[in-house]
Every structure is written in C-alpha cells, then in structure tokens.
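Reviewing the structure listed below.
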Amino acid sequence: MSGAVLLNIVIFVPLVGALAVGVLPKDRIALPRLTALAVSVITFLLSVVLLIQFKTGVAGFQFVSHRQWIPQFGVGYTTGIDGVSLWMVMLTTFLMPLGVLASWSITSRAKPYFVFLLALETGMLGVFSSIDMFLFYLFWEVVLIPMYFLIGMWGYERRIYAAIKFLLFTLVGSLLMLVAILALAFSAQGHLTFDYRSLLGTPLSLSTQRLLFLGFFASFAVKVPLVPLHTWLPDAHTEAPTAGSVMLAGVLLKMGAYGLIRFAIPLFPDAAREFVPLMMTLAIAGIVYGALVAIVQRDLKRLVAYSSVAHLGFIVLGIFVGTIQGMSGGILQMLNHGLSTGALFLLVGAIYDRRHTRQIADFGGLARSIPILAGIFLFVLLSSIGLPGLNGFVGEFLILVGTFFRYRWWVVPAAFGIVLAAIYLLWAYQRVFQGEITREENRTMRDIDVREVAMLAPVIALIIVIGVYPKPFLDRIEPSAARVVQTLRHGSVISPTSSVSQVP
Amino acid sequence: MPLNLPAVQLGGIGPEIALTVTALVALVAEAMVGDKISRWYLPVIATAGLVVAGVLAIAAWNTSKVQLAGAIANDDFAVFVKVALAIFGLLTVWVAREYLEREGIEESEFYALVLLAVAGMMLMAGAADLIVMFLALETFSIALYVLVGSRRRSLDGQESAMKYFLLGAFSSAFFLLGIALAYGAAGTTNLYSSPGGVQGIAGFLSTHASSNLGLLSMAAVLLIVGLGFKIAAVPFHMWTPDAYQGAPSPVTGFMAAATKIAAFAAILRLFDAILYPLRWDWRPLVIGIAIITMIAGSIAAIVQEDVKRMLAYSSIAHAGFVLTGVIAANDQGVSGALFYLVTYGITVLGAFAVVAMLSGRDEQRVRLTDYRGLFYDHPLLAGSLTLFLLSLGGVPITAGFVGKVLVFGAAVQAGYAWVSVIGVLASSVAMFFYLRVMVVMYMQESEDAQAALPMGSLAGGVIALCAVATIFFGLAWGPLFEVAQKATFFAGG
Amino acid sequence: MTLYRQCASCLPLTGGMIFSWFLNPGWLIAFPLLGAVLLLFFGKRIGRFAGVLASGLLGLSFVLGLVLFGAQLGTAGSQRTAYVHLFDWISVGSFRVGADLTLDQLSIVMVLVVTGVGTLIHIYSIGYMEGDPRYPRFFCYLNLFAALMLTLVLAGNLLLLYVGWEGVGLCSFLLIGFWFERAKASNAAKKAFLVNRVGDFAFLIGIFVLAKAASTLSIPVINALAGPAPPGPAALLHQPLTTGIATVASLLLFAGATGKSAQIPLYIWLPDAMEGPTPVSALIHAATMVTAGVYMVARLSPLFQLGSALTVVAWIGGLTALWAALMACFEFDIKRVLAYSTISQLGYMFLANGVQGYSAAMFHLVTHAFFKALMFLGAGAVMHSLAGETDMRKMGGLRKAMPITGYTFLVGWLAISGVFPFAGFWSKDAILASAWHQGQYALWAIGVGTALLTAFYMSRLYFRVFEGPLLVPDGVEVHDGRVHDAPITMVIALVPLAFLSVVGGLLNLPPSLTLEHFLEPVVGRSEVPAGLTPWFLASLALVAGLAGIAIAYMLYMRPDGQTRRAALYPRLRIPIAAAANKFYVDELYGRAIVLPGKALASFSAYTLDARGIDGLVNGTGGLIAAISDRVRRVQSGYVRNYAATFLLGVVVLFSIVVVRLATG
Amino acid sequence: MTSVAPGYYLVLAGLMFTIGVVGVLVRRNAIVIFMFVELMLNAVNLIFVTFARMHGNVDGQILVFFVLVVAAAEVTVGLAIILMIARRRNSADVDGVHLLRW
Amino acid sequence: MSLAVIVFGVMFIVALGASLAMLFSPNAVHVALFLVVAQVALALAFLLQGAYFVAAMQIIVYAGAIMVLFLFVIMLLGVDKREALIEPLRGQRQVAIGLGLLLAAEISYSVLRGVHLLGLGNGGSAALNAINQNPGNVKAIARLLFSRYLLPFEATSVLLVVAIVGVMMLARRIDTAAGLFEPRQPAEPSAPIEAEREAV
C-alpha cells in the first residue's frame, strides 16, 4: 500500500470508527469503548507503518495525494505530511488510545462520547495532514465541534461555560484566519487555488503580508494559546473530561504552533520576520506569566492547564527565534508537551476518578496511599519541568540554546521559566502527595490498576526514549524545520523551495 | 392605428402561470370536494404545481431572453432563483401538511397562497421592469401577510400579521417612491433596453454621466429601503422578529428562505447589474446597512428565549452576510450570494421544520427551555437541529460554511476584506446563540419528558432531506457552485 | 575552524587508554543504574535484600573503578585520559552533543570517592534503614544517585554533566523527602530542589554562553580553547575563547555551583536538608553531591583561569567558610552543626579552587568526604540509639555507651579540626598554602580563622555529645543494651572511614605530593612548590585548630565551663538569638523573594488573569449581552416604533445621498 | 394650457408623502394609519403623473393604474387583517398590540 | 397670473390642507373624508398635467371605491370612537415630526436637484399634449397598457386573486371549539438561563 493511501486511511479510520460506534446497539455499555479502543489502536498501528515508511532527511511533503474536489473554487483534497506534521500525526494517534482508556469510566451516554472522540481524531489528523488550505481550515474548525460537546456534555461543574468559551474564543481567531486564507488565495496569480504549495511564495506587499499574517496569527495565537489570549484554556482544560483535556493539551494546542510553523511563517516570511520581537515577547510573557499564575492555583487540573500556557510559550519562542535548534526544539517540544502534559492530565483524571475532587487542598499524603501513581506523577512532573535525561529537557534546551544563539538577553527570562516550572509543580506535588494524610477518604484510595498502567506505561517509555535518544525524532524533524527557519531568516528573498542549507 | 401587441411568450412566465393555475385548482378542488374527507389532495396538488413550475423554470435555462416587451428577464439568474423557490415551496408545503392538520387550519387557501406567493417571488426573480418588480413584491407580500396571520386563533398570529402588514405597506410606499424617482430619471421603468426601441434604465445609465444621476441615486436608496425591508436588513428589520415569532413555523421558514432569496434576487439584479455604474453611490450605504445588520442581528439574538424569535434575529444577521456578497458586486459575489441563499434557505427551512415539529399544538413549546435534554428524547431531531444550527453558524462541512466562504471571499476579492472581518466577527457572536441552543439540547436535562410528537413522517422526511442537503452542499458543493456561477449572467447585462 | 570544532565535538579527541568493552567507564554508571531500575520495579519482591543488592552493585562499580585506576596507573601520565562516545544525544544543525564520557585522573579520583564512600554508606544504610516500610525504595534512590553522580563525574561534555548535575539534585530531593509524611522533610526537599534550580538556571545559561562562543560543549575542547593554542597545524583552527566570555561563562557556571555546593548565597537549603535520613546526609550532603561544584570548577580550571572569575570563587568560598563556621558555633542540632560544617568546608574547597589550588581542593574534597561522612554516620548512629534525637543539649558522655561510634567520631573530630597528622590537617594546610602563595593573605587569614572556628564548634559538638557525664534525652531508656553501638552493618562503615580519616593525608604528603602530581596533567602544575611551605604557616594553622579545641575545652569540658558560658551568654545574646534563627537569612529571602513572588503570582492569577484578562473576555461577553438586552428593548412591540426606526434608517440614508448630491 | 412648473407638483407630492409618513408614525388607529399609507401612495401617484408630463410620455400615468390596483388589493387584505384583530380586541388601536416584543 | 396658476394654487392648498387635516382629526371618519378631499385635489392636479384618464380613475376607484371600503370598515368598528390624541410612546411624536421635516426637505431638495441635474423641465409637456391630441390620452394609455405593460397588467390579476384568496382565508370562521389561544407574555428581558449568565 502506498504511503499516500495509507495516510488517508489513517485520517479516516477514526471517522469510520465513529460511525460504527454510532450504530452500535444501545444496551451494550462496554461495546462503544471497546470499539473505540480497537479503532484507535488500529489507527495508531497504521500510523506506525507510516512512520516506518517516512523518509528521513527529506524536507518536503511525503505521502502526497491529490484529488480534485471543488475545481470550480480551486479546492482540492490534498494531503501529505512532512517532518513537522509526521510527529503531530504520531502524537495524535498515540494519545488517542490513551484517551479512550482514560474514558473507561464513562458509561452513561457512552456512544455519543466515543463518536465525538473518534471524530475529533479524524479532525486533528486532518489538520496535520492537509496541504490544501481550504481542507486545512475545514478540519481546523471541525475539530472544535466534537471538543465542544466533549467538554459540554461530559465535563465538570462549569463545563458549559468552558465549552462555550472554548468554542467562541477559537472561532473568532479561526474566522479571521479564514478571511486571511481567502485574501491570500485571491491575491495569488493565476487561477484560484488553495494548494499550500502553490500559494507559497505568492508575492505580497509587506503591508498585505502583515495583515494576512495577523489574520493567521489570530487563529493560531488563540489556539496555542499566547498570553493574553489564553483564558479559554484553563477553563476548557479544567472542565473537560480527562480524555478531552488530554486531547486539548496534547494535540489541539499543537495545532496552533503547527499552524505558525506551517503557514504563518512560510507564507508571510517578511511579515513574520518583522513580528519576531513581538512574537518572542508574547512567548516569553507566556512562559513567565503562565508559570506565575500556575503557582497559586488551587485546582490541580487548572494548575496543569496553566503549565501548558508556559510550555507553549517555550514552543512559540523556539519557532520564532530563527535558528534550527530553536525550531527543532520547538517541534520536539510540541511532541514532548503532548506526552508529559497529556500524562499529567491522565494522572489528574485518575486521581479524580478516585476522589471526585481536584482541589489541591483536598489531598495530602497521597504518596502513602497510592505510591505508584504518586511515583508516576512525579516522574511525569520531572519530565514536564525539564529534568535532563527526560524528554522535556531536550526540547527546552534546544529552544533555549537556539534562542541564545541569536538573542542573548531574551533567554534569561525564558530560562527562568524553568525555575518557575519547578516551583509550581513541586509545590503542587508536595501538597498533594507529601505530608500526612489529612482526610480519611484519602487513606483508602486504590492504587493504579492494569488499565491505567496500560495507559501510562507507553507515555513513560516515550518520555525516557526521547530524553535519552532523541536522534530519530530530531533527524526527521530537522530538514523540514530547517526550511522554515531559512524562510524566517531570509524572508521572501529566498524561495522556500530552494535547497536546504545548514542554519546554525 | 394598429395595436402593437408584443409577442406573447407565455413560456417566459410559464412557472408563474402554472402556479397560479394550480392555486386556483386547489381552491376549486376544496370547494368541490369539501371537507368531508381528509385534505391530502391539497398538498398533492400543490406539489404537482410546484414541480411543474420548477420544471418549466429549468426549461428556460441557458436561453436568456428579455421577454414580454421587456417586462421579464428569463436569464439563468432568474431560472436559478425560480428553481430554488420551487424547492422552498415544496419543502414548505410538505412541512405544512402535518402542521396544518395539527393546528386544524388545513385549508386550500393556505396552499393557494403559498403557491401564489411563490409565483410572485418567481416573477420578482425575473422582473425586468420596476413596476413588475413592484407588483411581484406586492403579490407575495400580500400572500405572506395573510399566511403569517393564518393561525387565526392565536393572538400572536394576528398581531404579527398586522405588524407585518402595516410596516409592509409602509415600506411599499417607499419602494414605490423609489420607482417613481427612477422613472423620473429615466423616463421608463424598464431595466433593460428592449428590442422595441425603448431604452431601459441600464441603457439610460450607459448614456449619462453618473454625476448627473442624483435622481437615480435617490431612487436607489429607496429601492434599497423597500427591498431591505423584505430581506430584513437593519434598520428595516423591525417586523422580522415579531412576524417570525407569530407566524406558523412552516410559514416562518418559508419567509426566511423564499422571501429572502426573492428580494435578494431583485437586489442583485438591480444593484449588481443594472445600477452597477452607480456603485460608488450605493455601495457605502449598503456597506453600512450590511455592517449594522450583521452586528445588530447577531447581538440581538443572543439573549432571546424564544427559538423562533432567535432564528428571526439570526435571519437578520444572515441578510447582512449575504449583503457582503452584494457589496462585492462581482461575479463571485453574485454567485456566492445565490449559493448562500439557497443553502441558507434549505437549512432554515429544516430548522423551522424541527421547530414546527417540536412546538406542539398552538406552538406552545418554542421556548429555549422547552428544548432541554432534547438530545436524549429525540436524538435524531436534536442532531438535525444541531446540524442546521451549525450550518447557520457557518461551521465547516455544512453548507452554511461554504456560503460564508463564498460571500466573504467575494468581498475580499473586491477589496472589502474589512467588511468580511466585521462579518466573521459578527458571525462568531452569532455562533453564541446557536451554541446556547446546543447547550440546552445536549447539556441540560429535560424537566419533563418531551411530549409525543404530533407531526409525522412527512415533516420528518423534510428534515432529513434538509439535513442531507446541508451536509451535501457542505462537502460536494462544486456543482451547485458551478450552477450559481453560471447564473450570474444577467440578460442584456 | 569549523572542522576543528566539529571534530572536537565528536570525541574521541586524541588517543588515550584503549578500553575493551568491559573496561568501559560506562559500566561504572550502569551498575548502580541497573540497581535503581531493579529496585524500582521489583523492590517489593527483593525486599530485605535490596540493601545488599544495591551495595553490591555499587561495590562492583568501586571495584571497576579500582581496576580502571590501575589501568590508568599503568599508562603514561599524559596518556591517561580516555574519551568514550556512547551515542549521539542531541544533534541539530551544527550543534551536536553526544553521550560522551571522559575518564581521566580527576574523574577517577571522584569515581573512587563516590563509589568507595558510597558503598560504605550503602552498607551502613542496610542497618540504619532496617524496618523502614520503603526500605527498597531507599536503596533504589541511593543507587540512582550514585549512577547520576558518576554521570556527572564522568561527563565528557557540559550537557551530560548537567544531566548528572540536575539528576543528583533530583535524588537529593527524593532522599531528603524520603520521609515525605513529615512536613519538614517535604519542605526541605522542595527547598533543596528549588534553590538548586536557581543555581542550575545560571549554570544552564553558562552552558549557552559556551555553546555559542565555543560552538561545542565538550569539556576537553572548551578547556583547550581556553588554553594556549596547541602546537602544529591544529593551531590554525584554534579559535580561543576571549577572557570576557570565559569570565561570564565561569561566573554563571559557578553560580550553579553555589547552588549545588551550598555556597553563599544559595547555601540555605543544606541545613534544612538534614531532614533526610542520615546516610543521605553523609553521602549526598557531605561526601559527594555537594562537592560537585568543587569538582566542576577543577574540571573546567582552564576556563576559570582564563577569565577573572576565580577571584569571585575564592572570596565566595572564603566568606562561606567563615559564615557557615560562625553559624555552626551557635547550633544545637548535631546534624545541622555538621551541615554548617560541610558548607564551611566546601567554602574551603572553593577557596582552594579560587587560588588555583585545584589539587588542594580535590585533596580536601577527598579527606572531607572521609571524615565528614564518618561524622555524619556517627551522628546517625547516635540518633539511631537515641530515638532520633538531634539536640546535643540533651546528650552527653555517649562515648562510653557506644564506644565504637565515640572513638571513630573522635577521629573525625580531630581530622576536621586539622590536628596533626590526621587527614584534615594535610588538606587544610595545602589550601592555606595555596592561598598564601597566591598572595591572597586576606583569604589566608579567613582560612585560619575558619580553622579556629571549625575546631571550636566541632570540639563543642564532640565534648557535649561524647564526653562528660552520660546524658540522654527524656524517654530514652539508659539501662543495659538500650543505648549502645549501632548494628554491625553500620559499624562496618564507620571503621574504614575512621581509618581513612587518619591516613587520608598519605595521599598527598608534602614530600611526594602523590595526588597533586597525579592530577597535574589535568588541572595543571600547582605553583606551590611544596604543600607544607612555609612551615610556619602550617604550624599557625595547627595552632589555630588547637586554640579552637582549647576554647571549647574551657567552655565545655572544664567544670567551670558552665559558669563561663553563663557569663558569656548576656554578651552574646543577640548573635545567639540570630544564629538560632539562621541569622534570618531564610526570612530575608522569604521577604525579599518568596513573598513578593507569591504576591506577584497571586496578583497575576487572581487579579490580572481572573479579573483583568478573563474579566475583559467575560466583560466583552457581558457587554455584548448588555447591548443585546438594549437592542432587544428597541424591539418594543409597538409597531409605530418600528415605523419610526424604519424612517430613521430612510432619513439617514437619504441624508447621506443628499449631502453627496449637494456637495457635488 | 400653460401650466405650472412641474417642480411645484413634485414638492407638493413630497410634502404629502411626508405627511403620510408622519401620520403613520403618530396615529394609533390601525385604519387611520393605513389611510396615511394610502396618502403616501397618492403622493407617489402625483409624482408619476408629473414625471410623465416631464418626459412627455404616458408611462407614468399607466403606472398610476398599477398603484391603484395595488392599493386596492392592500386595502382589501389590510382591512381584513385589521378587522380580524379589532374583532378580537374590540379596538383598532395598534398600541394595544404588543405581545410580541423584545 | 394665469388661470392655471390659480387653479394650481387652490389645488395645492386644498391637497396640503386636507393632508394636514388628516393628521389632526381624531375621528377616523374625518380622516377618511379629508383623504377623499386630498384625493380629489390630486385628481385636479392630474387634470392640470394632462392625465385626464388617470384623474377620472383617481376619483372613481380611489375616492370612490377604496375610500368607501375604508368607511365601511370604520363603521363596522364603531364610528364614534375617537382616537385619543395623546402619545403614549415616548419621543415618538418628536421623532416623527423631526424626521418628517427632514424627510420633506430632503425629498423636495433632492428631487428638484435631481431633475435639474438631468436637465428635465417642462419640455415634455408639449410631447404629452401632442399625445393627448393624437391618439388621445385614453387611447395612448390603452395602447401602452396592452402592449408594453401587458405583463404587469396581467400580473395585477394575480395580485387581485391573492387579495381575494387572502381575504377568504381570513374571513373563515375561527375554529373556536379548540379555544382561543392566548400566548404567553414575553419573558422579561435580561433573564438568561443561569448557564449563560456565567458565559456572557
């Protein structure tokens, strides 16, 4: 089977699965989740095949398939992945089975739940594999709907508020991007097309570039999210069901960063260059601000959510510093953040399942009653604060060193974010897991079970693998990253399709 | 002195004739059969009439003639709108059938009026003379005044009919004044130059410097006002929420879908074709109207508690969105607007079909709170309504998204990207109230189990059809778009 | 140039010892790491054998270390460095870092200390931790610590060093907080980690500076670039570091060391770290981890030497030594006294580094590891038999009750007090000599003063705890067999350490200066011709030490000591009160950093975020809703209002056209 | 018959139209309101006739016919609606009808 | 001052006066009668401008038929009902008058200006007179009506059908057996359901 076909299969298997779940008989409670698990695992396995077939050292798109769709409007069904999207696809397919496993406790309305979850996967995969920008936008927005329902129907107390906030926030940004996409397509020479590859290098005046960049940026910045557009995030993450939080943090946020890398920079390189200081300021503001706010959170999940703001700040920083280290680190960090924050949400979810609270004050001394979960939590936490030897460090280090190579002073506040990360996470760990057990109900919690092991073990393994031997990951990222870096550094002078040269 | 009778090309008004005849047949049929047996034959007759009208309309595709002494333009544009109207009529009739039965007002007059209204709208779509346009407008307006008030037992219905009527008559006067001024300027009300040697307004425009055309600009303003009233553009929209709320739900859907496309057909023809040379005069005004329409419609909707009223405000906002296509005044804009109107019509008809189904006898259950937990009681209905709402909100893979892309794209192409930006911002505000409905349907528990639905499979079928179409035109919208693109060809223009 | 750098960053550099696969220094790390992994996953099943397993594996590393040491000795002095490239770690663009190990004379010394002392402490812990519910976990952490410490020591590049650097910090966190149920322990653990993080933050930036300036993180290459150009064609490729860069980089790295090695201003975590089990204090917070900074400075000595950072190093070291010694004088908690003592001694080592006495620093590092570990273990034994009591005011005359502990502690005391001929005497003397030789007389004086203070507070500790009449805390039974020497496994560790504390000086006796010569190829030739020059300096130091002991004797051993102390108290009330509160440094940091930080965080979270940004968001929503409410009220229901609105629209549109018409 | 300049007629028509508009706004009886609408239509008729004279054709006069027909049709339906409501409420006061609002 | 001017003046005053009188008559019957007066005056204006046939129609259809219908309905609803001339809607009257004045001024100015810009004057009078001479006003109208205006003419038939059908429908008896449906009062605004209060 050719990779191109396989890629499309990977994209649509979850959707088919969703339809299948939709027609399952009503009375079998376990059936939807088992089906969903099977579908997501199959998707993952298929994507592994894709990973194996992926050619290292190639900067351009691979597994490209193109079909006319709406020729009257220049819209094609064009998919393909490069080194950036590859890992996002992998991350998505990897996290989805975990998300399904984390949703085991959902027995009421299980059918629609798993339908939405699987539909979400197709949307996310589509976002990462679309080459046609119309298609991209389609998937981009389609993702919102299942997530809206996941938050709104299966979330916690303030779920409706969170769901609406999530959707409206992102929608405003997205729609601005839509206008920008249209403006871009209409300003390109020749016949109307939405093919990303054809639109690359569209000659645009600087002022146009600026406006269009901001249009795209509006969408991506909300999604990432950059301070001060982040306030949807804590609410959405906190109120979403565990799988929803995992997908939100793990994948949805990455869509924003991915968009910056894929579209905002290569399409409008001159404007992007001009905006670098602003972008870096926002990124660093996110790092410091997210961490500061996280420190005093009282809700464990909310704390993790704010940590995402800080982490995504790192990623955006890496994207915009204009060094291959920064960019590669940023992309790797997208993967890392998906793993570690995803795992943190899984863990918080696991604890919530046991105690039905997320308030830090309700815990204390849990390391005694649930030592293994505590240990895993600590482990993941360490990954999240960038302990060397674990995955987070590799990404953060590359980002910071990449930043330092070009912007010496910017690195100081950014690196200070690592200290802050240690503060909020360790303090939270201390309050939740250490000390005496102060509440009786905390004494009798059951420790990790097989399902949770199955859910967490792969993440842990990957955290170590990436931390110790990130080479296979970086090798596949680097060529594609180098191309974007080059565009960012040299503006539209150099055609982004020219050969890749080493950028320090 | 011989009377120069024009060639009576009845084909040019074939659909209208067919509809009128069918309406009369329906009236006669009821008079003959009486109300002793079930009135199933009425919708059958109506269906037949609408189908025939649609077919006759299609037959004129690609012929593109100005007929009947310059009174009617049988171009692809008109054909497109006529076919859309026929479809809207069909959907309305099918939804209405069970609704009317439930409400106990299944009368031949209802069907006849729907048919006559469609006839009037079709005439409007093809009108190549301002006075024809006016007559067409009055024809369907008068029919709608009555249809809105057809729930005679309901004070709501009566009130909405009266408000609609009074304001409608008021606005007609302005429209008429506009025609008078246009006549004053051009000495004719014909839009196109006809073979008989009469110079139409289009020809008049081409021979005069636009700086001398103050009178025509004035006329344009008044025409905008009159038509803006029909499409529910702010500030001429005030009747809309009340009329939509009080009218029987199928009629509301019909108004939202059909009235809008008919009036927009006139707007598109008048402004984007005939008065195109005057665009620097009317465009700023239309931009202003479009912007406040989009914003006010969206904003006013978000606190509504009555679903019909909310959808009314939403339809106001949608008028604003379509107006961005008008502003663009290019082929993209016209075809986009047409596409938008067709898909919007289908969607909104579906939505009102759901509302009609759920409202219960006398439309007692139309409050947002009545929709609580709908998903758990009627998942398919809730799902369809969700789909329609998403389409109205412009979420991808639904037809509504494509429509928005096309009209906003047209505005962008014409250099009015900023209008599009305002449009998308307004539509995200608008999204809020669609979300509210979804919140109620999915995320809240129903207080009492939903009453059994007194409406049957026909309306259900319409809903399903609309749902499928909403998705279909959201994914495979190429063909419809292509047709809409062809329909931008105006006769003689 | 690039070639040189790239080559340089891809080890091996020049040839050195050739290793077979099993003589690879990687195994040094692998053994304890294996132990950690095994204990992590199968700890419960291994159970009581955890201690044996862990000690055995670390012992294996020690043996291997000895073998490697032997192999080194069998090689020519300049050929003793070995570079091992395990695998590529992070490589993006021209930035490449591998998992590289460097085994040279400097690292083997550290390896032997870490594995040797480590093994002894492991063995000690078998007894000490007996019966703890998380017994296997303890050894898992210990082994993990050893593995990471060895990584730090063996690292061939700064990034790998950083791995170990942070890794041991993590283990420190885990072990301090081993009894996490105690709020104090978990607080101390967190504090240790965070304070270290602050240092690491600077360290990391130091790494960035070097990464940019040197285009590599390889320690040998950086050292080479900091030094003179090599002979031959390589000189063309040699692009030396500037002094400015070197200063900045070394200061940043040293800032990291102030965290890890508990120097001013980041020493505050170490006294609190005593909340951990005593073997941890011995191993991590006395013998090994805290010396990482000292080692790092020695390791990068060419870099430090190139710039002017060494002055800072020396002064920070000296001031820390004095400051911590002062604090130790007023402390009553045995372990805390030892902790301050450790800080002080570490300061000593930095002082040595700062005056380019790298080998002296290393020498003191080694001897300190011996006697401080010994004393910690001794203190642990005391606590073990006194139900965990640490307040020395509640103890006395324990030497008779627990003779082995008492006598070994006596050795440690004499060693640290710098009494001839114990190990401490020689190493301290080497440091003072270096300082004197460098012309740093002020530092030398500080060193001497510190020596006096050290002797005083250690004597105070020793006299109070082990001499005098038997005194035990309330609730501890004194009858037979209750207060006694610790179990054999614990004692087993004390004796060798005591022995080493006595003879440790042999490593570097003045005439032969074995250690110094051994390290010479790495840290360079010491300028001091002989350790004991000039002789009178040595005797002065000795005198200082003896004076300290004498003062302590007067105050604590003599029968009238009580009254003298009572006479002193009023005069020293303020310093004593201040010292009891650690001179309010924690409070200072609390007021100056933590409180404002928390306030800022609270402000950000609850005011800026919740009210400000989110308030704006919700406010926008609310505003729209409010507008909506207004707009809906326009829809009054009165049809004539509607007509008026309609008319308004008409008139407005009309006006626009009329104005256009009128104006042309 | 020499005649007055058409501008005067137009002004008259404009004034009458406006009076119609104002009447719609200020009167409360539905029937009266409707009569003012008729007044507006009449004013437009005058404009048609005047423009017909200005253009020298009778098209404008024909348009008046159509307006007449429309007016007739509107009156029929309109009065029926008003009657329908008035019967229920016993009043033709439009201000009494505002159930549908907001 | 020619006769035409005098006649025009009278017509002008009567038409305007009747219109204004409509505004101020509290009684619907009076309003209707004033409207008839205005329409008759307009018929005079039509005559003055050579629209003879239309003038006749104006009187017959408008002042005759339509106004009778009005009066009929007024009678039906009670002829003696006087409309209170107080304005319950705040600002309505002021707005109406203000906007009305503005509108009148704007229409008058712009129409005159527009006519002026186009160069239209009394020039068409001669042509119209010619038509009225030959073939005559009625003939000319008839010719046009059945040729150029054939479709609108036919369309009026549909319009009338619609009106008839509409009235038929409205006149149908209400099925009172089912009871008259009183709608709920509209909800007080700004009472959004609790979930959204938080959301907005």
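Residue numbers (the working numbering), protein chains in the order written: chain S, 5 to 508; chain L, 271 to 763; chain X, 1050 to 1713; chain R, 19 to 120; chain B, 223 to 422.
Glycine included, each C-beta is placed from N, C-alpha and C at the ideal position.
Here the structure is a predicted model, which means the values were calculated and not measured.
>> Quick check on the burial criterion: 16 or more other C-beta atoms within 10 angstroms. Buried or exposed for B:E418?
In response: Any reading at B:E418 needs caution, since the residue's pLDDT is 44, under 50, leaving its predicted position unreliable; the model's value is listed next. Label assigned to B:E418: buried.
>> Here's the rule: buried if 16 or more other CB atoms are within 10 angstroms of the residue's CB, otherwise exposed. What is X:F1136?
In response: exposed
> Helix, strand or coil for S:A295 per DSSP?
Replying inline: helix
>> With a threshold of 8 angstroms between beta-carbons, can L:V665 be considered close to chain S, or not?
In response: yes
> Is it the case that the Cβ atoms of S:G254 and S:T197 are separated by a distance below 8 angstroms?
Replying inline: no
>> Please report whether the beta-carbon of L:M271 lies at a distance below 8 angstroms from any beta-carbon of chain S.
In response: Only weak support is given to the placement of L:M271: the predicted model assigns it a pLDDT of 48, under 50, and the question is left unresolved by the model.
> Should L:S308 be flagged as near chain R, meaning a C-beta pair shorter than 8 angstroms?
Replying inline: no
> If we cut at 8 angstroms on Cβ distances, does L:S585 have a partner in chain B?
Replying inline: No - not a single Cβ of chain B is within 8 angstroms of the one on L:S585.
> Could you give the distance in angstroms between the alpha-carbon of L:W310 and the alpha-carbon of L:F474?
Replying inline: 52 angstroms
>> Does chain L have any CB closer than 8 angstroms to the CB of B:S241?
In response: no
>> Assess contact between the region 9–16 of chain S and the region 63–82 of chain S, defined as three or more Cβ pairs (one per stretch) separated by less than 8 angstroms. Is contact present?
In response: yes
> Tell me, which residues are paired with X:H1486 by DSSP?
Replying inline: Answer by DSSP bridge pairing: none, since X:H1486 is not bridged.
>> Buried or exposed for L:T758, going by 16 or more other Cβ atoms inside 10 Å?
In response: Counting other Cβ atoms within 10 Å of its Cβ, L:T758 reaches 16 or more and is therefore classed as buried.
>> Rounded to whole angstroms, what is the Cα-Cα separation between L:S519 and B:V253?
In response: 37 angstroms
> Cα-Cα, which of L:V402, L:A327, L:M391 is closest to B:E376?
Replying inline: L:V402
>> Suppose the cutoff is 6 angstroms on Cβ atoms and the five residues either side in sequence are ignored; what does the same chain contact list for R:A91 look like?
In response: none
> Are the C-beta of R:D113 and some C-beta of chain X separated by less than 8 angstroms?
Replying inline: yes
>> Counting C-beta neighbours from all protein chains within 10 Å, is the total for L:A746 16 or more, i.e. buried, or is it exposed?
In response: exposed
> Under the rule that 16 or more other beta-carbon atoms within 10 Å means buried, what is X:R1129, buried or exposed?
Replying inline: buried
> Given that B:R315 touches chain L, what residues does it touch there, using C-beta distances under 8 angstroms?
Replying inline: Result: empty, since nearest Cβ-Cβ is about 17 angstroms, beyond 8 angstroms.
> I think S:L121 touches S:V146, with their Cβ atoms under 8 angstroms apart; what is that distance to the nearest whole Å?
Replying inline: 14 angstroms between Cβ atoms; not a contact.
>> Check this for me: beta carbons of L:A330 and L:G281, under 8 angstroms apart or not?
In response: yes
> Can you name the residues of chain L whose CB is closer than 7 angstroms to the CB of R:V62?
Replying inline: A443, L446, L447, A450
>> Considering only the alpha carbon of each residue, which of S:H315, S:G368, S:L296, S:L460 lies closest to S:F383?
In response: S:L460
>> Threshold first: 4 residues or longer. Then list the alpha helix (DSSP H) segments lying entirely within the region 497–577 of chain L, N to C.
In response: 509–516, 519–524, 530–537, 549–571
> Listing by chain order, which chain B residues have their CB less than 9 angstroms from the CB of X:A1693?
Replying inline: Those are L311, G313, Q314, V317, A318, L321, listed as they occur along chain B.
>> Check whether chain S comes within 8 angstroms of X:G1255, counting only Cβ atoms and requiring the distance to be less than that.
In response: no
>> Does S:D31 come out as helix, strand or coil in the three-state DSSP assignment?
In response: coil
>> Let me make sure I understand the geometry here. Which of S:L102, S:M100, S:F65, S:M92 has the alpha-carbon closest to that of S:G84?
In response: S:F65
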